[in-house]
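Enquirer:
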Amino acid sequence: MPRPDSTTERPTTPLDARSKTLRRAVVRTLAAGGRGHLGAAFSLVEMLRVLYDDVLQVDAARPDWPQRDRLLLSKGHGCLALYVLLAERGFFDATELERFCHHDGLLGGHPEVHIPGVEASTGSLGHGLSLGLGMALAARLQGAAWRTFVVLGDGESNEGSVWEAALSAGKHRLESLTVLVDVNGLQSYGPTDEVQPMAPLAAKWRAFGFAVDEVDGHDVDALRHRLGRLPFAAGRPSLLLCHTVKGKGIAECEHAPSWHHRSRLAPDVVERLLAALD
Amino acid sequence: MRKTALRRVHEMAREDPRIVFLGSDLGPGTLDAMKDELPERFFMEGVAESNLVGMAAGLALEGFIPYVNTIATFLTRRCFDQIVVDACLHRARLRLIGNGGGLVYAPLGPTHQAIEDLAILRALPHMTILAPCDADEMARLMPQTVDHSGPIYIRLAKGHDPIVSDPDLDCVIGRGITRRRGDDALVVTTGITLRPALEAAERLATRGVEIEIVHLPTVKPLDVDAVLEAAARLRWVVTVEEHSVVGGLGSAVAEVLAESDLPCRLRRLGIPDVFPTRYGSQRALMDDFGLSADGIEQAVLALRAAR
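Right under this line is the structure:
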C-alpha cells in the first residue's frame, strides 16, 4: 500500500551551482575539523539555503536584533550546513570554518548559543520544538511580529519530548511557529522505517493540530513556494515535511548509514568528495 | 509554603510584566487568582515536564522570567536533560518550584520522594538551589529570585511547617544564617531540618553542650566562608538534610572541609543510600533516618565522645 510519506522513494532532484558550492564548503569544513555529520548536513542544505536566502528576516550586522526571525536547528548535528550559510552571510568570519572543532575554534560539532546567528545550543535531540514554542509564545505576549522556525529530523522525532511540544503548540494555535522536518529516512543505525517507523508523519502532525504540507526538500523553487505562503492555515502552527536524501549530492554518501558521522577523513577521500561535487 | 510561594509569584507578576507562571497538571484551583487576573501569563501544560521546562526556557531566552511548578521528583528527574541544556547551559532565568522536597510525600512511596534533587542539581553549572525552612523564609527569598542570574531550583517543604526562621536575621541568596552561637559543636542545616536542630540545641544545652547552628537556605552556591569560619572554631561538625547522604548538603560540606586542611570531624545525617521502604508520615520517615531532635542530639554526643 503506498504511503505518502514513505521513506523508500528518494527525490532525485538535480542540484544547481549554488547548492554544490555550499556542499563543497561543508566538505572542506568537515575536513578541517577532521570529523562531522556529513549526511545530516547534506540533506538540510536546500532547506536552510531557502530559509536564509528568501524567508528569514535576520541581520548579520545585528545578530541580536530584537525583531529578527528565530531559527532553531533542533537536529543540531546538521550544523555544518548552518555554519556554512551563516559564514556566507557574514555572521562570523569564514575563516572560522577552517577551525571547525579546533581547540580554540568558534564552531564545534553542535550549534552553541554564543555563535553569532545561533539562537540556542542544540544537539541533545528533542529540545528545539519546546524552545521554539516558548519563543513563539514570547512573541505573542510581546505583540511582536517576528516568527519562529524549528528544523527537526525524522530520527529526532523518535523523542517523546517532540510530541509533548507538538501537543502544546497545537493547543496554543501558534501560527507564527513553523516546523520543517528533514525527512531523510535514515538515522544513525539505519533506515527509520526499520529502527523506529515514523510513518504516517503527515497524519501524525495533523492530528496534533498542525497545518501540514509536503515538499521535495531539495527542490529550491518548491521550497520557496511553500515557505512563501506561511502560515499554511490561520490559527495553526505550520509544518513542512521536507523529503530529502541523506548525503544528497555525492553518490557514495547518499542514503548511506556509514556517512551519518565520519572522522579522520583521508586527504584522497576529501578530494574524491569535492570532485564528485564539480 | 507552596501557597506562600505561588501567591508571591502572582503578586510579583502583577508588578513585573516579565513574570509568567507555568504548571504541569496541578491541583484544581491552583493560582486561580492569577489565572483570572493575568490569563495570558498563566500556563497549565499537562503531564509533560520535558516540554514544560523547554518552553519555559524559550520564554526565558526572550526576556521573560518563568516560574515553573510541579512535584519535585518530576520537575528534577523527568526533565533533567532540559534543565541541563535548556536552563543551565543557556543560563536561562527559570525558577523551578518543586513541591514536596525530601520525604513530604511519604505515604505515596519512593516515586514521589525527592531525596536526590539537591545532588543532581548541585552538579550543574549556573544552578542556584534554595531550600527554605518555612513559609516566612520562603517569602523573604522570593523577591530576590526575580532578577537573580541563571536558573533557580526552589525546594518546597510540606506546608504549614512551624515557623522557626528569625525575621531579625538577614536572609540573602547565597548566604548562610548563623542561627545560634555555641562553643562545643557545629550543626549545619538546610530546609526544614533547622527545626529539629533548634530543638536538639535546647536539649543539649541542658546537658551543658552548646551547639552552633549554621542554617543554609541556599545549598548552591554554598556559603563556604560561613561553613569554614564556624568549622575552624568548633572542629566537630554535623550536617542534617532531608535528602540522600550522597551528593547533597553533607557532601558539599565534606568537600569544603576536606580541602580546607582543618582538623575537623564530620558526621552526615541524612537518608542512607537506599529507597525508603516504609510509608506513614514525613515525620515518621525522618525519625527512621535520625532526622530528628533526638537523632541530632545523639549524633553530636557520639561525635564528641569519639574525641
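Protein chains in written order, with my numbering: chain R, 1099 to 1376; chain E, 44 to 350. Don't be surprised by glycine CBs; every beta carbon is placed ideally from N, CA and C. All of these numbers come straight from a predicted model, not from anything done at the bench.
Residue 282 of chain E lies in the beta strand (DSSP E); which residues open and close that run?
Expert: Along the second sequence, read from residue 1 onward, the residue named residue 282 of chain E stands at position 239. Element bounds for residue 282 of chain E: 279-287.
Enquirer: Where does residue 263 of chain E sit, in a helix, a strand or coil, going by DSSP?
Expert: Taking the second sequence and counting its residues from 1, one reaches residue 263 of chain E at position 220. Three-state result, residue 263 of chain E: strand.
Enquirer: Does DSSP classify residue 1290 of chain R as helix, strand or coil?
Expert: Sequence index remark: in the first sequence, residue 1290 of chain R carries index 192 (1-based). Here residue 1290 of chain R sits in helix by DSSP.
Enquirer: Can you tell me whether residue 317 of chain E is buried or exposed, with buried defined as 16 or more other CB within 10 angstroms of its CB?
Expert: On the second sequence, residue 317 of chain E is found 274 positions in, with the first residue counted as 1. That one is exposed.
Enquirer: If I follow the unbroken beta strand (DSSP E) through residue 1276 of chain R, where does it start and stop?
Expert: Start at 1 with the first residue of the first sequence, and residue 1276 of chain R comes out as number 178. Unbroken beta strand (DSSP E) run through residue 1276 of chain R: 1275-1281.
Enquirer: With a threshold of 9 Å between beta-carbons, can residue 1138 of chain R be considered close to chain E, or not?
Expert: In the first sequence, the residue the question calls residue 1138 of chain R occupies position 40. No, residue 1138 of chain R lies away from the interface with chain E (no Cβ there is under 9 Å from its Cβ).
Enquirer: Once the 5 residues before and after residue 1226 of chain R are set aside, which same chain residues still bring their CB inside 6 Å of it?
Expert: Sequence index remark: in the first sequence, residue 1226 of chain R carries index 128 (1-based). Contacts found: 1170, 1172, 1220, 1248.
Enquirer: Straight-line CA distance for residue 1362 of chain R to residue 1354 of chain R?
Expert: Residue 1362 of chain R sits at position 264 when you count from the first residue of the first sequence. Residue 1354 of chain R sits at position 256 when you count from the first residue of the first sequence. Rounded to the nearest angstrom, the two C-alpha atoms are 18 Å apart.
Enquirer: Are the segment 95-110 of chain E and the segment 1223-1240 of chain R touching, with three or more C-beta to C-beta distances below 8 Å?
Expert: The segment 95-110 of chain E, when compared against the segment 1223-1240 of chain R, does touch it at the 8 Å Cβ threshold.
Enquirer: With a cut-off of 9 Å, does the C-beta of residue 1301 of chain R fall near any C-beta of chain E?
Expert: Taking the first residue of the first sequence as 1, we reach residue 1301 of chain R at position 203. It does not; no Cβ of chain E falls within 9 Å.
Enquirer: Span of the beta strand (DSSP E) holding residue 1170 of chain R?
Expert: Taking the first residue of the first sequence as position 1, residue 1170 of chain R is located at position 72. Note, residue 1170 of chain R: beta strand (DSSP E), 1168-1171.
Enquirer: Tell me whether residue 1309 of chain R sits in a helix, a strand or coil according to DSSP, three-state version.
Expert: By one-based count along the first sequence, residue 1309 of chain R stands at place 211. The answer is strand: DSSP assigns residue 1309 of chain R an E or B state.
Enquirer: If you follow the beta strand (DSSP E) that residue 313 of chain E is part of, which residue opens it and which one closes it?
Expert: Working through the second sequence from its first residue, we reach residue 313 of chain E at position 270. Segment 308-314, the beta strand (DSSP E) holding residue 313 of chain E.
Enquirer: In whole angstroms, what is the alpha-carbon distance linking residue 1359 of chain R and residue 1375 of chain R?
Expert: Locating residue 1359 of chain R in the first sequence gives position 261, where the first residue counts as 1. Locating residue 1375 of chain R in the first sequence gives position 277, where the first residue counts as 1. Taking the straight line joining both Cα atoms gives about 19 Å.
Enquirer: How should residue 205 of chain E be labelled, buried or exposed, when 16 other C-beta atoms within 10 angstroms of its C-beta is the threshold for buried?
Expert: One-based indexing of the second sequence puts residue 205 of chain E at position 162. Residue 205 of chain E is exposed by the Cβ-count criterion.
Enquirer: Going along the chain, which residues of its own chain have a beta-carbon closer than 7 Å to the beta-carbon of residue 1180 of chain R, five neighbours each way excluded?
Expert: For the purposes of this step, residue 1180 of chain R is taken as the residue at position 82 of the first sequence. For residue 1180 of chain R, where only same-chain residues beyond five positions count, the Cβ hits under 7 Å are 1146, 1171, 1209.
Enquirer: Touching or not, the segment 197-204 of chain E and the segment 214-228 of chain E, by the rule of three or more beta carbon pairs under 8 Å?
Expert: As far as the Cβ criterion goes, the segment 197-204 of chain E does not touch the segment 214-228 of chain E, which means the pair count is below three.
Enquirer: Starting from residue 53 of chain E, trace the alpha helix (DSSP H) in both directions and tell me its first and last residue.
Expert: On the second sequence, residue 53 of chain E is found 10 positions in, with the first residue counted as 1. Run containing residue 53 of chain E: 45-58, per the alpha helix (DSSP H) assignment.
Enquirer: With DSSP run on the structure shown, which of helix, strand or coil describes residue 1354 of chain R?
Expert: Taking the first sequence and counting its residues from 1, one reaches residue 1354 of chain R at position 256. In the structure shown, residue 1354 of chain R sits in coil (DSSP, three-state: anything other than H, G, I, E or B).
Enquirer: Please classify residue 88 of chain E: does DSSP put it in a helix, a strand, or coil?
Expert: The residue labelled residue 88 of chain E in the question sits at position 45 within the second sequence. If DSSP states are grouped into helix, strand and coil, residue 88 of chain E belongs with coil.
Enquirer: Give the secondary structure of residue 1365 of chain R by DSSP, where H, G and I count as helix, E and B as strand, and everything else as coil.
Expert: Along the first sequence, one-based indexing puts residue 1365 of chain R at 267. Helix.
Enquirer: If you drop the 5 nearest sequence neighbours on each side, which residues of the same chain put their C-beta closer than 8 Å to that of residue 290 of chain E?
Expert: Taking the second sequence and counting its residues from 1, the one referred to as residue 290 of chain E is at position 247. Hits under 8 Å: 159, 161, 162, 163, 165, 166.
Enquirer: Given 8 Å as the limit, is there contact between the segment 124-137 of chain E and the segment 84-100 of chain E, that is, 3 or more CB pairs closer than that?
Expert: They touch, by the three-pair rule.
Enquirer: Could you check if residue 218 of chain E belongs to the surroundings of the ligand FMN, using beta carbon to heavy atom distance under 8 Å?
Expert: The model on display carries no ligand, and the ligand FMN is accordingly not part of it.
Enquirer: For residue 197 of chain E, which of helix, strand or coil comes out of DSSP?
Expert: Here residue 197 of chain E refers to the residue found at position 154 of the second sequence. Residue 197 of chain E falls in the strand class under three-state DSSP.
Enquirer: Skipping 5 residues on each side, what residues in its chain have a beta carbon closer than 8 Å to that of residue 340 of chain E?
Expert: Looking up residue 340 of chain E in the second sequence gives position 297. For residue 340 of chain E, where only same-chain residues beyond five positions count, the Cβ hits under 8 Å are 243, 246, 247.
Enquirer: Listing by chain order, which chain R residues have their CB less than 7 Å from the CB of residue 132 of chain E?
Expert: Stepping through the second sequence from its first residue, residue 132 of chain E is reached at position 89. Correct list: 1219.
Enquirer: Decide if residue 1193 of chain R is buried, meaning its Cβ has at least 16 other Cβ atoms within 10 Å, or exposed.
Expert: Translated into positions along the first sequence, residue 1193 of chain R becomes position 95. Counting Cβ neighbours within 10 Å, residue 1193 of chain R comes out exposed, since fewer than 16 surround it.
Enquirer: I'd like the ranges of any beta strand (DSSP E) spanning at least 3 consecutive residues and lying wholly in the segment 1128-1172 of chain R.
Expert: With a minimum length of 3 residues, the continuous beta strand (DSSP E) runs that stay inside the segment 1128-1172 of chain R are 1168-1171.
Enquirer: Just how far apart, CA to CA, sit residue 326 of chain E and residue 153 of chain E?
Expert: Position 283 of the second sequence, counted from the start, is the residue given in the question as residue 326 of chain E. Position 110 of the second sequence, counted from the start, is the residue given in the question as residue 153 of chain E. Their Cα atoms are separated by approximately 15 Å.
Enquirer: Residue 128 of chain E versus chain R: which residues are under 7 Å apart at the beta carbon?
Expert: Start at 1 with the first residue of the second sequence, and residue 128 of chain E comes out as number 85. Correct list: 1219, 1222, 1225.
Enquirer: Going by CA-CA distance only, name the one from E:173, E:197, E:333, E:96 that's closest to residue 283 of chain E.
Expert: Walking along the second sequence from the start, residue 283 of chain E turns up at place 240. Cα-wise, what sits closest to residue 283 of chain E is E:333.
Enquirer: Does the segment 1297-1316 of chain R come close enough to the segment 1107-1115 of chain R to have 3 or more Cβ pairs within less than 8 Å?
Expert: The segment 1297-1316 of chain R, when compared against the segment 1107-1115 of chain R, does touch it at the 8 Å Cβ threshold.
Enquirer: If contact is defined by three or more beta carbon pairs under 8 Å, each pair taking one atom from either stretch, is the segment 45-56 of chain E in contact with the segment 66-84 of chain E?
Expert: Yes: the two stretches touch, three or more of their Cβ pairs being nearer than 8 Å.
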